[in-house]
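What follows is a single structure, written as structure tokens, with notes after it.
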Amino acid sequence: NLTASDREDEQRLAYFREDIGVNMHHWHWHLVYPTSGPVEVIDKDRRGELFFYMHQQIIHRYNVERFCNLLGRAKSMHNFREPIPEAYFPKMVRSADARPFAARPQNFTLKDIDRDAEGFKFTITEMEQARDRIYAAIDAGFVEDKSGKRIPLDPKKGIDILSNLVEASDLSINPQLYGNLHIWGHLALSFCHDPENRYLEQFGIMGDLATVQRDPGFYRWHSFVDDVLIRHKDHLDPYTSQELSFPGITVTGLNVNLARKNTPPNVLLTYWQRSQVDLAAGLDFGP
């Protein structure tokens, strides 16, 4: 991979971050679970909880890959004003307009975003306020909807409510109070090279669902998002033995069967096979 030389330690993970399948998975997940649109499309069962689970699994797998390459786990971006140690120079061109994705040099900091013509306008202070209000809600055990009604963050629905609020999708119960924290972070990283559109530069890798996992900053940001949601989990009581057991039920056997006639049990098809893909013109995951 040509995004950096071996002098850069983070390059040891380029094989994972730059993988087409990994990035396509992220793009496809958000295609199935969009943040906006008709309510029957957005409001899928446990959508918010699945946002938490899917991204947490990505971070866990990435950290395992880091350990295998003698690197520490991805650090969480709790402080929005600290320089970002990891640089990223994507060397990619958008197929829609043939313009390159912007780079982010080492130790860049997040800045207030004032790109009003594109509908992106928020400050780092607003991000901090949203973070602190979410922390306060988690510690109190409830969030407030637009009418001021307290909605409990209980063990059954709490993570779903909170994840939709943090992301934030159209299902957020009070975006005016709790902001748009997760998406603001993506935009702040994506536009830190030209936060006011002074130089008419377009977004970086972190602004496109099909490319975000290529940037080391993605894992730093989502480690923070994961920590926020784990904070809620840490407030819950442990599962009891009764909740984890099935009294009166004994497993005497287990088979896995394909949804086909006359196939033997316990056969797993992985569909791994050799294939040839023409990458001369790149891959376009956009609609």
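Heads up, the sequence shown is in the working numbering, so the first residue is 11 and it goes up one at a time. Where a beta carbon is used, it is the ideal one built from N, C-alpha and C, also for glycine.
DSSP links residue 110 through a beta bridge to 103. Between residue 187 and residue 268, the alpha-carbon positions lie close to 49 angstroms from each other. Secondary structure within the segment 157-192: the beta strand (DSSP E) runs of 3 or more consecutive residues, fully enclosed, are 160-162 (chain order). With 16 or more other CB atoms across the displayed protein chains lying within 10 angstroms of its CB, residue 189 is buried. Secondary structure at residue 213: coil, using DSSP grouped into helix, strand and coil. Taking a C-beta distance under 9 angstroms as the contact criterion, residue 230 and residue 86 qualify as a contact pair. Between residue 112 and residue 211 a beta carbon distance of about 5 angstroms is seen, short of the 8 angstroms cut, so the two are scored as contacting. The straight-line gap separating the alpha-carbon atoms of residue 213 and residue 265 is approximately 49 angstroms.
Bridge partners of residue 59 according to DSSP: none are assigned.
A direct Cα-Cα distance of roughly 8 angstroms separates residue 154 from residue 183. DSSP places residue 153 within a strand segment (E or B) once states are collapsed to three.
Bounds of any alpha helix (DSSP H) do not take in residue 130; it lies within the beta strand (DSSP E) bounded by 130-132.
In the three-state reduction of the DSSP assignment, residue 234 falls in the helix class, which pools H, G and I.
When secondary structure is reduced to three states using DSSP, residue 27 falls in the helix class.
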